[in-house]
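Report on the structure given below.
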Amino acid sequence: MNATLLYITGFAVALVLALGLTPLVKRFAFKVGAIDKPNARKVHTRIMPRLGGLAIFLAFIGSFFVVLPFIPDGLLSAYDRNLIRAMLAGGTIIVLTGALDDRFELSAKVKLLLQLVAASVVVFGFGVKIDLLNIPFGQSMQEISGWISIPLTIFWIVGVTNAINLIDGLDGLAAGVSGIAITTILIMAFVLGFEPIILMSCLLLGGILGFLVFNFHPAKIFMGDSGSLFLGFMLATLSMIGFKQVTVVSLITPLLIIGVPIADTFFAIIRRWVNKRPIFAPDKGHLHHCLRELGFSHRKTVLIIYGVAAFFGLAAIVQSIFVQSHAANWVTFVVISLLVFFMQIGAELIGIVDKSKRPLLSLLARMRLKPDQQRGK
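Residue numbers (this note's numbering): 14 to 390.
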């Protein structure tokens, strides 16, 4: 079986498995009591089954073992196989953590501890870590020592894992945003010719799309922490190793790939700090909450955020294309400057940090008034 047929087959198998497994997982969730009850902070108004992430995980694992015997000789090196084993081992720990939380509601400390275990398995068990860095306006690909690379890798994996969990607030939101990010990684891996990431991305994307059939509004099942933590973990590892070496290409590209959850997490931290609330305290100030308050329907809110995620993905692809060119540093600077500017404008317009304070909009208004006042004189 040639590589292209392998990728298509893997995607199709994962899609079919997710379509078949999700209804079974739904019944299982009700049977074991893994349910989500409505409350003042949540959008849904009826009891919903969780554990949907288990269907994504099983579709991903199942499709991998289906295509494993057909992987052409030489397609995956020993290094590539080690990366895949690291993702499978860490992902299994993460999905079990999420499944236990879906049923028993683990404390935040216990979940964090298990996430650290999963990240440590990737780093210490399989030797996968960020060991090269491209610093903007510096020399290309700087090696970094272990005492920096190890904590940096663990922080990245745990941080991204939780970022996806924070945006899981509307039907189909986390799954769709993760699917867009995986598609971005798939395109970049295809351009770079990195076979293991192409294969893993195809399998994961098939599982996500199959589950999304049941999760898009009105949802029949929630992915729960078993899904959001698993997808976050997979995005963290795929974005980190989605290049020929385990490297952060220009420090920026992986951040752009998961720009929506990263931005939402950043604004959540700032919002809670400004309002003198605990950083980990849940609230209804996330991006999807703000858009709903502006009058957008459930479905339109999700589609708007899909559009923002796609924009971030496009920026990541542009960044990756220019990263090896002489213009890479200036492209990085321009892309990030524009994104930060428009993110701040958007944040102030929807009130994601503070609905009464709009410093940048106020500054722009004053700058616009000054020429008008001078003409009036």
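Built from N, CA and C at the ideal position, the CB exists for glycine as well.
According to DSSP, simplified to helix, strand and coil, what is residue i?
i: M100; result: helix
i: I180; result: coil
i: D238; result: helix
i: M61; result: strand
i: D49; result: strand
i: A232; result: coil
i: L88; result: coil
i: K370; result: coil
i: F207; result: coil
i: L376; result: helix
i: P291; result: coil
i: D277; result: helix
i: H13; result: Residue coverage of the chain in this structure runs from 14 to 390, which leaves residue 13 outside it and unanswerable.
i: E466; result: With the chain running from 14 to 390 in the structure shown, residue 466 is simply not present.
i: F355; result: helix
i: F309; result: coil
i: S120; result: coil
i: N175; result: helix
i: G185; result: coil
Just to check my reading of the structure: residue i and residue j have Cβ atoms closer than 8 Å, yes? What is that Cβ distance to the nearest angstrom?
i: V80; j: T166; result: In fact, because the Cβ distance is near 28 Å, the residues do not count as touching under 8 Å.
i: I234; j: G65; result: 5 Å
i: S214; j: L268; result: Actually they do not touch by this definition, with Cβ atoms about 18 Å apart.
i: A72; j: L34; result: 6 Å
i: F246; j: I349; result: The pair is not a contact, with the Cβ atoms about 26 Å apart (cut-off 8 Å).
i: A187; j: P85; result: 34 Å between Cβ atoms; not a contact.
i: V353; j: R284; result: The Cβ separation is near 17 Å, so there is no contact.
i: D93; j: P209; result: 4 Å
i: A112; j: S239; result: 4 Å
i: L300; j: I275; result: Rounded, the Cβ-Cβ distance is 12 Å, inconsistent with contact.
i: S369; j: L216; result: Not really, about 47 Å apart at Cβ, beyond 8 Å.
Could you tell me if residue i is buried or exposed, where buried requires 16 or more neighbouring beta carbons within 10 angstroms of its beta carbon?
i: E118; result: exposed
i: F280; result: buried
i: P62; result: buried
i: A131; result: buried
i: R59; result: exposed
i: K257; result: In this predicted model, K257 has a pLDDT of only 41, less than 50, meaning its place in the structure is not dependable; the value taken from the coordinates is given anyway. Result: exposed.
i: W160; result: exposed
i: L374; result: exposed
i: A378; result: exposed
Using CA atoms only, rank isn't needed, just tell me which of the options is closest to residue i.
i: D277; options: L37, D181, G65 and F83; result: D181
i: L183; options: F324, F24 and H230; result: H230
i: A249; options: I60, V136 and K370; result: V136
i: F24; options: K313, V273 and T196; result: T196
i: R303; options: A360, V108 and P209; result: Sequence check: residue 303 is Cys here, not Arg. It is A360 whose Cα lies nearest to the Cα of C303.
i: A68; options: F346, I211, F243 and V315; result: F243
i: G298; options: A322, G364, G320 and L316; result: G364
i: Q128; options: R116, F83, S90 and N178; result: N178
i: L32; options: S310, F224 and Q357; result: F224
i: F355; options: H311, A42 and G272; result: G272
i: L125; options: N175, M14 and A232; result: N175
Using a threshold of 6 Å, is the CB atom of residue i nearer than that to any non-hydrogen atom of the ligand SAM?
i: A328; result: The ligand SAM is not part of the structure shown, which contains no ligands of any sort.
Does the contact criterion of 3 or more C-beta pairs under 8 Å hold for the region 187-200 versus the region 39-49? no
When you compare the region 15-29 with the region 211-221, are there three or more beta-carbon pairs, one atom per stretch, that lie closer than 8 Å? yes
Under 8 Å: do the region 282-290 and the region 175-194 share three or more Cβ pairs, one atom per stretch? no
Between the region 126-142 and the region 96-108, can you find at least three pairs of beta-carbon atoms closer than 8 Å? yes
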